[in-house]
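Residue numbers (our numbering): 1 to 342.
These notes concern the structure reproduced below.
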Ligand code: RIB
Ligand code: CA
């Protein structure tokens, strides 16, 4: 009789646990409950394919788009294109802010081309845009989320999240972590001698996000400029034998030229994709918690991220600053995930 009773209790306990898990909406499979905010953008497209090919680890709830590399209509079309190339049309795309909070808009068509993606022919994707603005989607979703359950990957100017936080400061309750591609310290800037593009394009938005107190991780140029393409790495991707490999190979071959020329580098960075690799395999990266400030004053340091790497000022450490990464490990992971796509 004892065996039967014990067995029944064990069965009941597992039934209860299962119902609890489903009741709390624990993602079936996905380890990271994720929203990706993006301004595609060549490297954004690579990041989106990378993430959408990793469904068992990244539960991508939605893509939210923002003006940045190019205007909003094109970043939004390009996000829908990346979704189509990944075969993930079920992931909703919400359009967000058409411009920065305060400053005059700037774009990077000189780097990403008029259409926002060069090296490939773009077309109008089939699957439609979701109804409603990205800002309202962020507010509704983060308000309804389980406490500190949703991770946000910000791959462009931080305008959408800043607007959501201004309108609804309480949404921090639903945020687990915000992982940003942006900023520069040791490396210097890529748009001015000290400022990186995403921060330079909307420093006030980045200040709002920083000031909200959310758990914040930055992948700046300090690390993205150490994770560089090479002919061999691009050849491996291009020869995967699927459309995703061809698209990424063609896009990156075109995209990296500007940086290689400008910096005299042997390869080019794939900035935004490092955020996805960090979410998938954080052990590929290293950094430290630091105090970071953002300069949003007009002038030569506009958009600069000021990082107290040696803690000289003994201020609150408000950001985890990623400073190094395993380049081969990154490209091995990226290539393996792209191979999964059609
Ligand atoms: O500075 C690099 C960043 O600016 C990347 O996110 C790239 O897509 C551009 O948005
Ligand atoms: Ca970007």
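Glycine included, every Cβ here is placed at the ideal spot set by N, Cα and C.
These numbers were taken from a predicted model, which means no experiment stands behind them.
Cβ-based burial, residue i [other Cβ within 10 Å; buried from 16]
i, result
"residue 217", "buried"
"residue 304", "buried"
"residue 185", "buried"
"residue 315", "exposed"
"residue 190", "buried"
"residue 241", "exposed"
"residue 37", "buried"
"residue 54", "buried"
"residue 203", "buried"
Alpha-carbon to alpha-carbon, residue j and residue i
i, j, result
"residue 121", "residue 313", "50 Å"
"residue 112", "residue 193", "20 Å"
"residue 328", "residue 227", "8 Å"
"residue 107", "residue 68", "6 Å"
"residue 324", "residue 288", "10 Å"
"residue 45", "residue 82", "6 Å"
"residue 25", "residue 260", "Model confidence at residue 25 stands at a pLDDT of 36, short of 50, so the residue's coordinates are unreliable; what they give is reported in the following sentence. Taking the straight line joining both Cα atoms gives about 45 Å."
"residue 110", "residue 131", "31 Å"
"residue 73", "residue 40", "11 Å"
"residue 230", "residue 90", "34 Å"
"residue 178", "residue 334", "21 Å"
"residue 140", "residue 274", "28 Å"
"residue 66", "residue 31", "26 Å"
"residue 245", "residue 330", "16 Å"
"residue 27", "residue 264", "Any answer about residue 27 is weak, because its pLDDT of 41 lies below 50 and its placement is not dependable; what the coordinates show is given next. Cα to Cα, residue 27 sits roughly 44 Å from residue 264."
"residue 172", "residue 152", "11 Å"
"residue 336", "residue 51", "12 Å"
"residue 214", "residue 154", "13 Å"
"residue 133", "residue 150", "19 Å"
"residue 232", "residue 248", "14 Å"
"residue 148", "residue 175", "5 Å"
"residue 321", "residue 195", "16 Å"
"residue 182", "residue 35", "17 Å"
"residue 47", "residue 279", "11 Å"
"residue 103", "residue 84", "33 Å"
Test: residue i CB closer than 9 Å to a CB of chain D
i, result
"residue 233", "Absent here is chain D; the protein component of the structure consists of one chain."
Distance between beta carbons of residue j and residue i, contact taken as under 8 Å
i, j, result
"residue 198", "residue 156", "6 Å"
"residue 269", "residue 225", "5 Å"
"residue 86", "residue 341", "6 Å"
I want to know whether the segment 154-165 touches the segment 94-108 - three or more CB-CB distances under 8 Å.
yes
So, does the segment 292-300 touch the segment 252-264, judging by three or more C-beta pairs under 8 Å? no
> Do the segment 115-129 and the segment 71-81 touch if we need at least three Cβ pairs shorter than 8 Å?
Replying inline: yes
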